[in-house]
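Undergrad: Encoded as structure tokens, here's the structure I'll be asking about.
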Amino acid sequence: MPCNTQCAKRQMLAEFRRHPAYCKNNAQLAKISEFERNYRSADAIRWYTKDSFLHTMINEALRTEDPRVLYIYRFYISDLCKRLEETSALNRGCQKSSFRVYRGAAIDRDEIEKFCVGMLVGSNGFLSSSRSSEVAKMFMGLDQITGMSPSQSQTNKQQYVLFEIVIDPDQTIDLMMADVSEQSNYPEEQEVLFGLGTTFIIKQIKHDNQHNVWHVEMTGSSEMGELKKEHTKHVENGLRYYDATTLFGVFLSGVSSNYPVAINYLQSRLRNMTFNDPYRASIYYFLARVYRHLGKLQHSIEYFRRAMLLRKRSLPQSCYAYADTLADLAVTYSQVNNTAKAVSLHEQAITLFRRILPPNHIDMPLYYTQLAYSYWQEKQYEKAHSLLLTALLILKEDKTSKFSGITFTMYTMGLVKYAMSQREAAVSYLKEALELRRKFYADDHPSVAQACYSLALIYMDNGDKQVALDYAQTALTIYQTKLPKDHIDLKKSTELVERILSS
Numbered sequence: 001m002p003c004n005t006q007c008a009k010r011q012m013l014a015e016f017r018r019h020p021a022y023c024k025n026n027a028q029l030a031k032i033s034e035f036e037r038n039y040r041s042a043d044a045i046r047w048y049t050k051d052s053f054l055h056t057m058i059n060e061a062l063r064t065e066d067p068r069v070l071y072i073y074r075f076y077i078s079d080l081c082k083r084l085e086e087t088s089a090l091n092r093g094c095q096k097s098s099f100r101v102y103r104g105a106a107i108d109r110d111e112i113e114k115f116c117v118g119m120l121v122g123s124n125g126f127l128s129s130s131r132s133s134e135v136a137k138m139f140m141g142l143d144q145i146t147g148m149s150p151s152q153s154q155t156n157k158q159q160y161v162l163f164e165i166v167i168d169p170d171q172t173i174d175l176m177m178a179d180v181s182e183q184s185n186y187p188e189e190q191e192v193l194f195g196l197g198t199t200f201i202i203k204q205i206k207h208d209n210q211h212n213v214w215h216v217e218m219t220g221s222s223e224m225g226e227l228k229k230e231h232t233k234h235v236e237n238g239l240r241y242y243d244a245t246t247l248f249g250v251f252l253s254g255v256s257s258n259y260p261v262a263i264n265y266l267q268s269r270l271r272n273m274t275f276n277d278p279y280r281a282s283i284y285y286f287l288a289r290v291y292r293h294l295g296k297l298q299h300s301i302e303y304f305r306r307a308m309l310l311r312k313r314s315l316p317q318s319c320y321a322y323a324d325t326l327a328d329l330a331v332t333y334s335q336v337n338n339t340a341k342a343v344s345l346h347e348q349a350i351t352l353f354r355r356i357l358p359p360n361h362i363d364m365p366l367y368y369t370q371l372a373y374s375y376w377q378e379k380q381y382e383k384a385h386s387l388l389l390t391a392l393l394i395l396k397e398d399k400t401s402k403f404s405g406i407t408f409t410m411y412t413m414g415l416v417k418y419a420m421s422q423r424e425a426a427v428s429y430l431k432e433a434l435e436l437r438r439k440f441y442a443d444d445h446p447s448v449a450q451a452c453y454s455l456a457l458i459y460m461d462n463g464d465k466q467v468a469l470d471y472a473q474t475a476l477t478i479y480q481t482k483l484p485k486d487h488i489d490l491k492k493s494t495e496l497v498e499r500i501l502s503s
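Residues in the sequence shown are numbered consecutively from 1, following full-length UniProt numbering.
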């Protein structure tokens, strides 16, 4: 996200001052003004450790994962991440042996019951801990004399947990964590701060019956390290083609699946750019994609055409972008069941890509898969199957394949295999696509629903009613949350659940 601008800082401060908790609180407004006057990037950690509005607001935004608010707070979040990274690197040079940190928390009993040894747990925000178990117990609310928790038994709704985190620097090279005690306003707390998205593995769970406290031992995990590296490469590749502000729109319209926010953001970008802005075609392009996700297919076609016209004017320099637009326009035509038009546009796009890209370029599988999907719609299964085999061959040779369309290729191969009466292979491909989509996106992403819907159809056709219903209801729940009420996928998913229940 673009962050190092005075404009970004003003946006953030205005949001703070509008917040219901602060807009009429003169003491907090004074602290916000102090931040405006005195804040420096180098002091990001010190400001975070202050008992003030900043810590509260940032954690609230990260907990709710509201893309609009996170974008507005980008000025400070970016600074804090950079300072943590710098401090973490310095600490790593000094700390060679394993050590322990502690975090106390009050947690709902239902959450405790989900914990199990080997489970991967994480935080969607910055996670505070202390080298001192006594400090962690104090923050947890234990009686400082008796060590007793306010909980009366393990059946109480609220339970008290002391997390003990074992850190081995040699085994967790990618773990972002920093001893911030020297930069903190409260050095006696011996605070160690973990970066965004840090994950841990539960090693042991036990309950102290005498003090009514749960003890959960965890170790730092590097399991997400490779995924993070691949995603970073994916973002860096995106920055070759778009400015950072536009790329944030790409995130909203794709990974986050927050389509209404994406529409507002991209339309705002469009209103505030000059007519000759070099990124106007990109905004048209991503608006078209969002409208397609929302089922507004005629809007999608119109914006793709606008992007295509602008990019055509810049040929041959914009050859890649022009071909990409042709391919995406083809996808939309396939969704309005104009498969002949879709096949024609896909073939034009692939012809252009073959002129400018090496045969095994990692972008090619996506375009092969899109054409294969149109062939599947046209019932040309052998053609589709051949293209998908080519796509998979390229993907298996490239380590960044998770971010280059492998889930779509797996999904489409599942459809084709089922059409060719290869049920077991179809289910295998669709389940693998589902697993990858859940890993890269989230459990409530529409692409997850798409895979669940297709699996439900297969299981229903084969008489496995309960499994079919489970998949169909999962798809329906996601679509009800993410899509407009008149979206065709929501309608089809609703009808499928009703059909299974009545069968």
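Ideal placement from N, C-alpha and C gives every residue a C-beta, glycine not left out.
1. According to DSSP, Gln159 sits in a beta bridge with which residue or residues?
2. Tell me the DSSP secondary structure of Lys431 in three-state form.
3. Nearest-angstrom Cα distance between Leu310 and Asn276?
4. So what does DSSP say about His19, is it helix, strand or coil?
5. Ignore the nearest five residues each way along the sequence and tell me which others in Glu236's own chain have a CB closer than 8 Å to its CB.
6. Counting Cβ pairs, one atom from each stretch, are 3 or more of them under 8 Å apart for the segment 313-321 and the segment 329-336?
7. List the whole-angstrom C-beta distance separating Gln480 from Leu490, where the pair is believed to meet the contact cut-off of C-beta under 8 Å.
8. What is the rounded straight-line gap between the Cα of Ile107 and the Cα of Gln473?
9. Output needed for Leu62: all residues of its chain with C-beta closer than 6 Å, excluding positions within five of it in sequence on either side, in chain order.
10. Taking Ser334 and Ser374 to be in contact with their CB atoms under 8 Å, please state how far apart those CB atoms are, rounded to whole angstroms.
11. Would Asn26 be called buried (16 or more neighbouring beta carbons within 10 Å of its own) or exposed?
12. Spatial neighbours of Asp486 within its chain, please: C-beta separation below 6 Å, excluding the five flanking residues on both sides.
13. Pick from Gln210, Glu164 and Asp168: whose alpha carbon is nearest that of Val216?
14. Glu236 by DSSP, collapsed to three states: which one?
15. Evaluate the contact criterion for the segment 129-140 versus the segment 92-108: three or more CB pairs, one atom per stretch, below 8 Å.
16. Quick check: the Cα distance between Leu393 and Val343, rounded to an integer number of angstroms?
17. Mark Ala136 as exposed unless 16 or more other C-beta atoms lie within 10 angstroms of its C-beta, in which case mark it buried.
18. Could you say if the segment 457-467 and the segment 431-445 meet the contact criterion of at least three C-beta pairs nearer than 8 Å?
19. Based on Cα-Cα distance, which residue from Ala323, Thr369 and Glu378 lies nearest to Leu357?
20. Ordered along the chain, which non-local residues of its own chain (more than five positions away) have a Cβ less than 8 Å from that of Lys157?
21. Measure the alpha-carbon distance for Met119 versus Glu60 and round it to whole angstroms.
22. If you draw a straight line from the alpha carbon of Ile167 to that of Ala426, how long is it in whole angstroms?
23. Going by beta-carbon coordinates alone, are Cys81 and Gly195 separated by less than 8 Å?
24. My assumption, with CB atoms under 8 Å, is that Leu142 sits in contact with Val213. Please give the rounded CB distance.
25. Going along the chain, which residues of its own chain have a beta-carbon closer than 7 Å to the beta-carbon of Cys23, five neighbours each way excluded?
26. Examine the Cβ distances between the segment 173-188 and the segment 110-117 and report whether three or more of them are shorter than 8 Å.
TA: Reading from the atomic positions:
1. Ile107.
2. Residue state, collapsed to three classes: helix.
3. For the pair Leu310 and Asn276, the Cα-to-Cα distance works out to about 10 Å.
4. DSSP places His19 in coil when its eight states are reduced to three.
5. Bear in mind that a pLDDT of 45 at Glu236, under 50, signals an unreliable position, so the number given afterwards is only what the model happens to contain. Excluding sequence neighbours, Glu236 sits near nothing in its chain.
6. With the cut-off at 8 Å, the segment 313-321 and the segment 329-336 do not touch.
7. The C-beta distance from Gln480 to Leu490 rounds to 7 Å, short enough to fall under 8 Å.
8. Taking the straight line from one Cα to the other gives about 29 Å.
9. The beta carbon of Leu62 sits closer than 6 Å to the beta carbons of Asn124 and Gly125 from its chain, once the five residues preceding and following it are set aside; these are given in chain order.
10. Rounded, the Cβ-Cβ distance is 5 Å, consistent with contact.
11. Under this definition Asn26 is an exposed residue.
12. Cβ-Cβ distances below 6 Å link Asp486 to nothing in the same chain once the five nearest sequence neighbours on each side are left out.
13. The option with the nearest alpha carbon to Val216 is Glu164.
14. Here the model assigns Glu236 a pLDDT of 45, short of 50, so the residue's position is not dependable and the matter cannot be decided.
15. The segment 129-140 is in contact with the segment 92-108.
16. Roughly 22 Å separates the two Cα atoms.
17. Around the Cβ of Ala136, a 10 Å sphere holds 16 or more other Cβ atoms; the residue is buried.
18. For the pair of segments examined, the segment 457-467 was found not to touch the segment 431-445: the number of CB pairs separated by less than 8 Å stays below three.
19. Nearest C-alpha to Leu357: Ala323.
20. So the qualifying residues of the chain are Asp108 and Arg109.
21. Computed Cα separation, rounded: 25 Å.
22. Whole-angstrom Cα-Cα distance: 43 Å.
23. The answer is yes: Cβ separation under 8 Å.
24. Yes, Leu142 and Val213 are in contact; Cβ-Cβ is about 7 Å, under 8 Å.
25. The beta carbon of Cys23 sits closer than 7 Å to the beta carbons of Arg17 from its chain, once the five residues preceding and following it are set aside; these are given in chain order.
26. Short answer: they don't touch.
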